[in-house]
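Enquirer:
2 protein chains.
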Amino acid sequence: MTANERLQALRQVMREKKIDAYLVQSSDYHQSEYLAPHFAERAWLTGFTGSAGLAIVTADEALVWADGRYTIQAKQQLEGSDFKAMPWGSGPGMISPQEWLRDNLPDHSSFGYYGAYMSPAMFANWEQALKGKEIKFVESEDLVGAIWAERPAIPESQGFILGPEYSGKAAHEKLAELRSELKAKGASHTVLASLDDIAWLFNLRGRDIESNPVLFAYAMITPETATLYTSERKLSEELKAKLAKEGIDFKAYEAIFDELKGLPADAVVFYDPERFNRKLYLALPEAVKTISGTNITTEFKAIKNSVEEAKQREAYRIDALALTRFMYWLHQEIEVAKKEINEWEASERLLAFREQAESFIEPSFTTISAYGPNAAMMHYGPSPEKSAVIKPEGLYLFDSGGQYYEGTTDITRTQQMGPLTEEMKLAYTYTLKSSLTLLMGRFLAGATGSKLDAIARYPLWQIGSDYKCGTGHGVGFCLNVHEGPQRLGFAPNSVALKPGMVVTVEPGVYKEGKFGIRIENVVIVKEELNNDSGQFLKLDALNYIPMDTRPVLVEHLTDAEIEWVNAYQQRSYEELKEQLSPAEAEWLKDFCAPLSRV
Amino acid sequence: MTANERLQALRQVMREKKIDAYLVQSSDYHQSEYLAPHFAERAWLTGFTGSAGLAIVTADEALVWADGRYTIQAKQQLEGSDFKAMPWGSGPGMISPQEWLRDNLPDHSSFGYYGAYMSPAMFANWEQALKGKEIKFVESEDLVGAIWAERPAIPESQGFILGPEYSGKAAHEKLAELRSELKAKGASHTVLASLDDIAWLFNLRGRDIESNPVLFAYAMITPETATLYTSERKLSEELKAKLAKEGIDFKAYEAIFDELKGLPADAVVFYDPERFNRKLYLALPEAVKTISGTNITTEFKAIKNSVEEAKQREAYRIDALALTRFMYWLHQEIEVAKKEINEWEASERLLAFREQAESFIEPSFTTISAYGPNAAMMHYGPSPEKSAVIKPEGLYLFDSGGQYYEGTTDITRTQQMGPLTEEMKLAYTYTLKSSLTLLMGRFLAGATGSKLDAIARYPLWQIGSDYKCGTGHGVGFCLNVHEGPQRLGFAPNSVALKPGMVVTVEPGVYKEGKFGIRIENVVIVKEELNNDSGQFLKLDALNYIPMDTRPVLVEHLTDAEIEWVNAYQQRSYEELKEQLSPAEAEWLKDFCAPLSRV
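In the order they appear, the protein sequences are chains A and B. With our numbering applied, the first sequence corresponds to residues 60 to 657, in that order. With our numbering applied, the second sequence corresponds to residues 60 to 657, in that order.
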């Protein structure tokens, strides 16, 4: 089937269903960040495979919106079809899908979409944007699904329990805490659609989505019951028995809809408008009251307990070994032996080092292995077909992580491969200084991630550099590598950092066509000083993975910064030296040698 | 009349009007920060004179809420009457006025208030807080006004024009810009109730409120007309003629209400829910559409033009002379001559130095003249009756400002009067470092005041110190010393700093029972570097007023900080030396001597 044939087929069903404009989304029923192939409807229909974007199809038009990262790719992939790429952003002449509908859809048209792909928050946004326009919103069937003949099935991976020796808390204890909070909110029920919330609450993991150890499921919790709605094929009898012991029963994935329809009129349902879907929402009887807010489990999950913290530190020790061996290998193969190795090969080798650990499950995201100018593209990933050779000069950036039973890791190091320009050295030094500003300092409890983001950017601003992404994100525990509610970002936000929260600290410098630098460490928030000014918190590093100090212009560091870096490097070396080969250990000792003023 | 007699009189009119609970506010019709004596209803009724607080009176209860600053004062001032002080805040056992009403007012009671004292935003807040409670909100008459026999009249100061040589822009030009923005918002009318917005828009000043050079007035602007509603007694014939030339006509103060009632049904009125009053709002015909948002003039006013900037710098040169003479006087009288001088006498002397300038109008706020532990109280002000002696040891803080035709000033310096403790020196040094962090650095356009606030606090957090107030506030031009929309504060806010905005930078350390330190400078936002990372901005000092560097522990400053301080002090000296007496100049030269590492 060509793109145009698929388009004609969609228009055929749109005519049958009397839908004038249809929204094709890149979404699953759970508002997941990463999509299983089953849900890649926009990519299948249009041929545009970018990680974000949406399409609107009418009788005459077929438009695909893609953000700035994908402008060129969308154009190339849509070429030769009737689909047209629409740049998405705030540039001159750019028009959002909502604006396009407002300006182009005739009055009294019907606008269809599949509600299971849309969160209530997203729906409210569309509704608001089209307010005043005479348009009929139609909750339609999944029209793309209806014409997608050879569609991959929803994955059916096997679930497994992450016991309290890893999770630090039994599911029945988590359920008790959730119920107490639900009661405090005046709710009788909560329905979870977000897969990481469900996985965390039930101490249940799976492999339905690449890099995200989750299972496709819904969950409903009441004061008496906790029900997991998922495909029976994911659950062994043993697993079902374990869940039952925690007070969790099991029903079929789709059974949730009838259950919601059957809720008693006095039920009060708590749900998260960002992480719910409209089909679920519409299944609620009209008489049922709702309370909306961030899922209660989201904040619970963000605060790591002491077992999770200890395990997470173990995960980083495992990672440290793999990454250090990789760094030594890079040094030997490229700097010393001058072999021709490309980014893809390096990323495969990095994976191989991680795979040596018994508890390694899979990468926690697609590895970024980027040499030279490629590293200036924040989300660059090499492929076997397209991959630059890492030369013995300039900088090589690798950003990677693992899913372990001991937790989820995410680390970036930028390595000097040979001679550097002064610009690179200065940028590297200030990227390090920006990191150190957060890693070394204390802050007042109540400070939000947007404040810490500003504090981290400030040193880089002083050399006239800014990075167009957040300073850091929350990290799950053997779960999604990106999790909220906290984040360190430029946009104002009101979530304060709390003891036990884990975030990345990853400032960087990205010079288009030249180089990219990022140093990423992962920290846990800890209580520190408490005095007449209040409670102070600090960020405590979870990982001791050596950083390349060769590019550092020491004269730009303070004495305290030099001291901190030297202690960090020394600790990294001490923790690793016994596990390395003599050659690796010798190299590392040199690599971790203290910085000093000349 | 005793407080209890006033209370009985109020209860009498409440019974006549069938009002079960009445709200007594500290507010005028314009949501002004400072109140003219006419509007001090809560103070008159209850005897509690604090700058903030409110009372609720029922048949059985008479309760006065006052925040933490006033807990003791309220208790003392209410003693002997039936009024009872209620602490206001988030402490244990504290209950807000809304919570008290919710818990104590019987169902179907009537709750009365005078709408002219309440902004629509405030009303929405009360309504929200009492949602679900069976209570009748009653827009009543001003019941306290009705029983206040010897009430001071609303002030009738003479208005005067601040010509374009000061304001930089004629009123008719400002009106044209306002109309264009109104049109863009789809509004036909805007009604201004906030006095500083009206003063700015019409280039009109007065002296109706102490320290705020404004006139009591309303204004309405349409595409064709601009009307000032105020008492005719404030406007000379000459002034009216000048206003007429700018396209501004004049009507009586109270005429606004009938005008609003008479608006055509197709009018679309833009108003600011925070700076409007409910009586005005209710005067609008139901058919009239409204659009709400921050007053358009508020942002216009915040961005100072080049004439205002130049004048403002002049105002600070005038202030610098007065303050430097004051500092020399302090030094001579207390440090050298060991005379016994108290805080009140010092503040009177400071005023006398300011009054020597021809263009000085009045202080821009009540001077804070605080020695030793008194300076730890952020809003302390001495009185002739109660005032500590400034001894030749420790620290003396003075925070003062002037209203000049050239602008509004606000400066704090903390002076070493003699031997200091190490704790004082460290606190002073880090207060300075916190200031320098903002004064020396650049930041990315788009950064909000809450980000800059975090950046400024960070150095002080490192010595375990925080200040429980904002880092800075906007400053008017020959207008209110506090003006928005920008502010540097800990609470999240979404107003980005823009070129031309003026803010104070005033970090500090406040140690209860020991000392208080604040260093306050005033800066204007300027464009700086523009490169591939975007537009950077910087904060440029408007004032060159010497700072005491004697308490500074030089080893805690970076080389760049030392250099910046030395250049600042040198410039202060150069700008002042010609105007000073030889003895003053000699002292200043020494006072501004460069810092150096030992």
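Virtual Cβ for every residue (Gly too), placed ideally from N, Cα, C. In this text, all values refer to a predicted model and were calculated from it rather than measured experimentally.
Return the chain-ordered list of same chain residues with a C-beta closer than 8 Å to the C-beta of Ala80(A), the five sequence neighbours on each side being excluded.
Expert: Closer than 8 Å at the Cβ level, and outside the excluded window around Ala80(A), lie Ile115, Val116, Thr117, Leu160, Leu164, Ser168, Ser169, Phe170 and Gly171.
Enquirer: Taking DSSP's pairing of strands, which residues face Pro422(A) in a bridge?
Expert: Its beta-bridge partners are Gly461(A).
Enquirer: Give, in chain order, every residue of the region 519 to 530 of chain A whose Cβ lies closer than 9 Å to some Cβ of chain B.
Expert: If the cut-off is 9 Å between Cβ atoms, the region 519 to 530 of chain A has Leu519, Trp520, Gln521, Gly523, Ser524, Asp525, Tyr526 and Lys527 near chain B.
Enquirer: Name, in chain order, the residues that DSSP records as bridge partners for Met279(A).
Expert: Beta-bridge pairing links Met279(A) to Val250(A) and Thr286(A).
Enquirer: Buried or exposed for Ser239(A), please, with buried defined as at least 16 other CB atoms from any protein chain shown within 10 angstroms of its CB.
Expert: It counts as exposed.
Enquirer: Going by the CB atoms, is the gap between Arg334(B) and Gln90(B) shorter than 8 Å?
Expert: Yes. Within cutoff.
Enquirer: Kindly indicate which residue of Ile350(B), Arg210(B), Leu639(B) and Glu586(B) has the alpha-carbon position closest to the one of Ile362(B).
Expert: The shortest Cα separation from Ile362(B) among Ile350(B), Arg210(B), Leu639(B) and Glu586(B) belongs to Glu586(B).
Enquirer: Name the chain B residues that come within less than 8 Å of Thr488(A), Cβ to Cβ?
Expert: Within 8 Å Cβ-Cβ: nothing; Thr488(A) doesn't reach chain B, min ~15 Å.
Enquirer: For Thr507(A), write down the residues that DSSP places opposite it in a beta bridge.
Expert: According to DSSP, Thr507(A) bridges with Ala555(A).
Enquirer: Give a yes or no on whether the minimum CB-CB distance between Asp599(A) and chain B is below 8 Å.
Expert: No - not a single Cβ of chain B is within 8 Å of the one on Asp599(A).
Enquirer: Could you check whether Asn336(A) and Ser178(A) sit closer than 8 Å to each other, using their CB atoms as the reference points?
Expert: Yes, they are a contact pair.
Enquirer: Report, in whole angstroms, the separation of the C-beta atoms of Arg609(A) and Pro566(A), which I expect to be a contact under 8 Å.
Expert: Rounded, the Cβ-Cβ distance is 19 Å, inconsistent with contact.
Enquirer: Using 10 angstroms around the beta-carbon of Ile355(B), count the other beta-carbons present and answer buried if the total reaches 16, otherwise exposed.
Expert: The residue in question, Ile355(B), is buried, as its Cβ has 16 or more Cβ neighbours within 10 Å.
Enquirer: Should His248(B) be labelled buried (16 or more other beta-carbon atoms within 10 Å of its own) or exposed?
Expert: Answer is buried; the Cβ neighbour count reaches 16.
Enquirer: Name the chain B residues that come within less than 8 Å of Ile514(A), Cβ to Cβ?
Expert: Neighbours of Ile514(A) on chain B, chain order: Ala513, Ile514 and Tyr517.
Enquirer: Have a look at Val273(B), Ala121(B), Ala314(B) and Gly127(B) and flag the residue whose alpha-carbon is nearest the alpha-carbon of Gly109(B).
Expert: The option with the nearest alpha carbon to Gly109(B) is Gly127(B).
Enquirer: Quick one: does Ala506(B) have its CB under 8 Å from some CB of chain A?
Expert: So, interface residue.
Enquirer: What residues are listed by DSSP as bridge partners for Arg577(A)?
Expert: Paired residues: Gly567(A).
Enquirer: May I ask you to list, following chain order, the residues of the region 240 to 265 of chain A that have a beta carbon less than 9 Å from some beta carbon of chain B?
Expert: The residues in question: there are none.
Enquirer: Under 8 Å, Cβ to Cβ, is there at least one residue of chain B near Pro662(A)?
Expert: This structure cannot settle anything about residue 662(A), because the visible part of chain A is limited to 60 through 657.
Enquirer: Rounded C-beta distance between Val347(B) and Ala324(B)? I'm assuming under 8 Å.
Expert: Right, the Cβ-Cβ distance comes to about 7 Å (below 8 Å), so this counts as a contact.
Enquirer: Classify Ser428(A): buried if its beta carbon has 16 or more other beta carbons within 10 angstroms, exposed otherwise.
Expert: So Ser428(A) counts as buried.
Enquirer: Please identify, using Cβ separations under 8 Å, the residues of the region 173 to 195 of chain B that lie next to chain A, in order along the chain.
Expert: Residues: none.
Enquirer: I'd like to know if Arg501(B) contacts chain A, where contact means its C-beta is closer than 8 Å to some C-beta of that chain.
Expert: Yes, contact with chain A.
Enquirer: Taking the alpha carbon of Asp308(A) as the point to measure from, which residue in Thr286(A), Lys320(A), Glu318(A) and Arg630(A) has its own alpha carbon closest?
Expert: Taking only the C-alpha atoms, the option nearest Asp308(A) is Thr286(A).
Enquirer: Taking just the CA atoms, how far does Leu251(A) sit from His97(A)?
Expert: If I take the Cα positions, the gap works out to 21 Å.
Enquirer: Nearest chain B C-beta to Glu510(A) closer than 8 Å, yes or no?
Expert: Inspection of the sequence shows that residue 510(A) is occupied by Lys rather than by Glu. Judged by the 8 Å Cβ criterion, Lys510(A) is in contact with chain B.
Enquirer: Does the distance from the C-beta atom of Pro4(A) to that of Trp388(A) stay below 8 Å?
Expert: Summary: the structure shown does not reach residue 4(A), with chain A confined to residues 60 through 657, and so no result is reported for it.
Enquirer: Counting only Cβ-Cβ distances shorter than 8 Å, please list the residues of the region 574 to 598 of chain A near chain B, keeping chain order.
Expert: Listed in sequence order: Leu588, Asn590, Asp591, Ser592, Gly593 and Phe595.
Enquirer: Look at the alpha carbon of Arg275(A) and the alpha carbon of Gly321(A), and state the distance between them as a whole number of angstroms.
Expert: A small correction: the amino acid at residue 275(A) is Phe; Arg does not occupy that position in the sequence shown. Roughly 22 Å separates the two Cα atoms.
Enquirer: Hey, out of Asn602(A), Ala644(A) and Tyr340(A), whose CA is closest to Met386(A)'s CA?
Expert: Among Asn602(A), Ala644(A) and Tyr340(A), the Cα nearest to that of Met386(A) belongs to Ala644(A).
Enquirer: Would you say Glu571(B) reaches chain A, if we count a Cβ-Cβ gap shorter than 8 Å as a contact?
Expert: With 8 Å as the cut-off, Glu571(B) counts as an interface residue toward chain A.
Enquirer: Might you give, ordered along the chain, the residues of its own chain that have their beta carbon closer than 8 Å to the beta carbon of Leu498(B), omitting 5 neighbours on each side?
Expert: Within the same chain, Leu498(B) has close Cβ partners Val564, Asn580, Val582, Leu598, Ala600 and Trp623.
Enquirer: Residues in the same chain with beta-carbon distance under 7 Å from Trp259(B), minus the five sequence neighbours each way, listed in chain order, please.
Expert: The residues are Thr356, Lys360 and Leu538.
Enquirer: Who does Phe335(B) pair with in a DSSP beta bridge?
Expert: Its beta-bridge partners do not exist; DSSP assigns none.
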